[in-house]
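In full-length UniProt numbering, the protein residues as written are 1 to 299. Worksheet for the structure shown next.
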């Protein structure tokens, strides 16, 4: 059985005493569970921490979903697919028997797929909230590539994990949406680029991350990285490194600071790290550069 606290929908059903027939991890992140439920009850999943893909394997004719506007949608019975996005509270009325398959997907796993497989910004992409739909692909993958396997048998683990990835990729391609106005087209606005540049100059002695620069531009890290490269012609990492080297050159030319202090002032973790990066960028060591530009030995 899955450990408590990993998947809130699982915890809710398990805590309510719903009979669990099987549960397992599908790879490092995702998980699945098979439930047999036969009761009359109201169920609320309050802002779950993960996405859930659900299939009514058998039964389910007596289940309905109550929407926020008060409308009620009834299931189609066996074969009904439900998509419950992370963070979206859903309310269900249960009346009768249902064998229920759940596939639990953390936000991190879903977002990673969006980036790696679809080159899409997770901050601008949402899983659609679908109370009930019939989808032959989702149903066939679950019925024929997941349920027949032994989820705990080492010989079936690869197949189970691959089936989970296939299911997730299909859902991401078929049941996601993003505002058309936010499609990644141009580069950063000049004002945003100036804010980022000013922020970098003021923070060169700090360990900067992409998220820090993206926040200065008011964008998600994914969106910022692509827009910055289009505007500046280099990656954010290359830009920050170039500014660190430029600051180091100025301090070397001014003199009066030991190499170790210059390294820290320019955001390098150590003098050796500074020397290595400076040599890569300039072709000589910091000491050689200092002697060349001002004819002095820097200790």
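Glycine included, every Cβ here is placed at the ideal spot set by N, Cα and C.
- A residue is called buried when at least 16 other Cβ atoms come within 10 angstroms of its Cβ; residue 293 does not meet this threshold and is exposed.
- The region 41 to 50 makes contact with the region 74 to 92; the number of CB pairs closer than 8 Å reaches 3 or more.
- Judged by their CB atoms, residue 63 and residue 94 are nearer to each other than the 8 Å cut-off.
- As far as DSSP is concerned, residue 276 takes part in no beta bridge.
- Sixteen is the threshold: when 16 or more other Cβ atoms of the shown chains lie within 10 Å of the Cβ of residue 79, as they do, the residue is buried.
- Residue 73 carries a strand assignment under DSSP once its states are collapsed to helix, strand and coil.
- In this structure, the alpha-carbon of residue 138 lies about 24 Å from that of residue 6.
- Residue 161 places its beta carbon 8 Å or farther from that of residue 278.
- Rounded to the nearest angstrom, the gap between the Cα atoms of residue 103 and residue 172 is 14 Å.
- Taking one beta carbon from each stretch, the region 149 to 169 and the region 204 to 213 have fewer than 3 pairs nearer than 8 Å; the two do not touch.
- Under the three-state reduction of DSSP output, residue 51 falls in the strand class.
- For residue 132, the CB contacts under 8 Å within the same chain, skipping 5 residues up- and downstream, are 65, 73, 74, 75, 76, 80, 81, 82 in chain order.
- Around residue 164, the same chain offers 26, 27, 30, 32, 103, 146 as residues with beta carbons nearer than 8 Å, after the five sequence neighbours per side are excluded.
- Residue 1 sits exposed, since fewer than 16 C-beta atoms from the chains shown fall within 10 Å of its C-beta.
- In this structure, the CA atom of residue 70 is about 31 Å from the CA atom of residue 142.
- Residue 58 is bridged by DSSP to 99.
- Counting along the chain, the unbroken beta strand (DSSP E) around residue 38 starts and ends at 30 to 45.
- Residue 98 and residue 57 have their alpha carbons spaced roughly 7 Å apart.
- Taken through DSSP and simplified to helix, strand or coil, residue 285 comes out as coil.
- Secondary-structure assignment with DSSP links residue 22 through a beta bridge to 34.
- Within the DSSP bridge table, the entry for residue 82 names 54 as partners.
- Note on geometry: alpha-carbon atoms of residue 121 and residue 112 lie some 10 Å from one another.
- The continuous beta strand (DSSP E) containing residue 132 extends over residues 130 to 133.
- For residue 110, the closest of 12, 55, 231, 127 by C-alpha to C-alpha distance is 127.
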